[in-house]
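Participant:
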Amino acid sequence: ETGVTQSPTHLIKTRGQQVTLRCSSQSGHNTVSWYQQALGQGPQFIFQYYREEENGRGNFPPRFSGLQFPNYSSELNVNALELDDSALYLCASSDRLAGGPRNEQFFGPGTRLTVL
Amino acid sequence: LAKTTQPISMDSYEGQEVNITCSHNNIATNDYITWYQQFPSQGPRFIIQGYKTKVTNEVASLFIPADRKSSTLSLPRVSLSDTAVYYCLVERNKLVFGAGTILRVKS
Chain A
1 ETGVTQSPTH
11 LIKTRGQQVT
21 LRCSSQSGHN
31 TVSWYQQALG
41 QGPQFIFQYY
51 REEENGRGNF
61 PPRFSGLQFP
71 NYSSELNVNA
81 LELDDSALYL
91 CASSDRLAGG
101 PRNEQFFGPG
111 TRLTVL
Chain B
1 LAKTTQPISM
11 DSYEGQEVNI
21 TCSHNNIATN
31 DYITWYQQFP
41 SQGPRFIIQG
51 YKTKVTNEVA
61 SLFIPADRKS
71 STLSLPRVSL
81 SDTAVYYCLV
91 ERNKLVFGAG
101 TILRVKS
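Listed below in structure tokens is the structure:
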């Protein structure tokens with residue numbers, strides 16, 4: 001069983017640029033969530049995708065957008081990068097059809113984005 | 001969304017039992033309590049989840065009193081490798097992380 005993978009591992013961009021981060025969900029999982037984790041803080045929920053449709057969004061501006069593909073992999077796109085976007089971006093997958101309350105989310109290792 | 005409050009940091013020694021308490025005063029009837037562990041430069045990892053009373057797995061125990069306004073994560077006989085940040089979450093569909101508790105285990 002392959003775990004959650006993310007690419008790239010690290011990325012350096014300049015202010016105003018656009019970035020695309022990628023996530024491959026764990027085999028059999030149909031739901032992907034994205035989180036932003038600033039240094040010294042807990043992960044903050046950006047949005048979640050279930051079967052290619054956005055299924056909830058946190059308090060992030062529209063320049064944060066996403067996609068989920070038929071194979072349940074996902075992309076996070078950030079336009080007009082700002083210095084405060086520098087963070088670890090985490091992707092987590094889960095199986096929404098697993099039933100019950102557990103809904104355990106499996107996290108990838110993250111992409112470290114630095115905006116200069 | 002229910003907010004959680006937990007200590008910012010805790011120190012322990014190898015072999016000791018560690019208890020981390022979390023308060024969640026406005027937990028809703030349908031909410032479950034979930035704990036995650038995170039090592040530096042890694043994504044969080046699920047530890048344990050419960051609704052009421054006590055839950056135990058191979059890693060930890062979770063104690064939840066009858067009013068469910070708090071919970072305690074118990075880690076038996078910690079080792080240096082248990083040094084990490086521990087997050088308490090009240091879970092519905094979306095995970096809402098607080099700042100977590102930094103646990104430092106010393107030799």
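Taken in order, these protein sequences are the chains called A and B. First residue of the first sequence? That's 1 in my numbering, and the numbers climb one at a time after it. First residue of the second sequence? That's 1 in my numbering, and the numbers climb one at a time after it. We put the CB at the ideal spot given by N, CA and C, even for glycine.
Can you tell me whether Leu-62 (chain B) is helix, strand or coil according to DSSP?
Facilitator: Here Leu-62 (chain B) sits in strand by DSSP.
Participant: With 8 Å as the threshold, decide whether the Cβ of Tyr-87 (chain B) is near any Cβ in chain A.
Facilitator: Yes, Tyr-87 (chain B) lies at the interface with chain A (some Cβ there is under 8 Å from its Cβ).
Participant: Please name the residue, chosen from A:Gly-3, A:Gln-18, A:Ile-12, A:Gln-6, that lies closest to Ala-147 (chain A) on a Cα-to-Cα basis.
Facilitator: There is simply no residue 147 (chain A) to check, as chain A begins at 1 and stops at 116 in what is shown.
Participant: Taking 8 Å as the threshold (beta carbon to beta carbon), is Arg-45 (chain B) in contact with chain A?
Facilitator: For Arg-45 (chain B), the answer is yes, since a Cβ of chain A falls inside 8 Å of its Cβ.
Participant: Can a CB atom of chain B be found closer than 8 Å to the CB of Phe-107 (chain A)?
Facilitator: Closer than 8 Å: yes.
Participant: Does Leu-95 (chain B) get closer than 8 Å to chain A when you measure Cβ to Cβ?
Facilitator: It does; some Cβ of chain A falls within 8 Å.
Participant: Can you tell me which of the three DSSP states Ser-65 (chain A) falls into?
Facilitator: Note: Ser-65 (chain A) maps to strand in three-state DSSP.
Participant: Roughly how many angstroms separate the alpha carbons of Gln-37 (chain B) and Ala-84 (chain B), rounded to a whole number?
Facilitator: Gln-37 (chain B) and Ala-84 (chain B): Cα-Cα distance of roughly 7 Å.
Participant: Closest to Phe-69 (chain A) by C-alpha separation, out of A:Glu-53, A:Phe-60, A:Arg-63, A:Asn-77, would be which residue?
Facilitator: Phe-69 (chain A) has its Cα closest to that of A:Glu-53, out of A:Glu-53, A:Phe-60, A:Arg-63, A:Asn-77.
Participant: Please list, in chain order, all residues of the same chain as Asn-55 (chain A) whose beta carbon is under 7 Å from its beta carbon, the five residues on each side excluded.
Facilitator: Gln-48, Tyr-49.
Participant: For the beta strand (DSSP E) containing Gln-42 (chain B), list its first residue and its last residue.
Facilitator: Unbroken run through Gln-42 (chain B): none, as it is neither H nor E.
Participant: Measuring only the C-alpha atoms, how far is Val-78 (chain B) from Ser-74 (chain A)?
Facilitator: Rounded to the nearest angstrom, the two C-alpha atoms are 37 Å apart.
Participant: Decide yes or no for the touch test of the region 89 to 106 of chain B against the region 24 to 42 of chain A: beta carbon pairs closer than 8 Å, at least 3 of them.
Facilitator: With the cut-off at 8 Å, the region 89 to 106 of chain B and the region 24 to 42 of chain A touch.
Participant: So, using beta-carbon positions, are Lys-106 (chain B) and Tyr-13 (chain B) closer together than 8 Å?
Facilitator: Their beta carbons are under 8 Å apart, which means Lys-106 (chain B) touches Tyr-13 (chain B) by this criterion.
Participant: Applying a beta-carbon distance threshold of less than 9 Å, which residues of chain B neighbour Phe-45 (chain A)?
Facilitator: Result: Lys-94, Leu-95, Val-96, Phe-97.
Participant: If the cut is a Cβ gap below 9 Å, which residues of chain A does Gln-16 (chain B) touch?
Facilitator: What Gln-16 (chain B) touches in chain A: nothing, since even the nearest Cβ is about 25 Å away.
Participant: I need the straight-line Cα distance from Pro-109 (chain A) to Leu-116 (chain A), nearest angstrom please.
Facilitator: Rounded to the nearest angstrom, the two C-alpha atoms are 22 Å apart.
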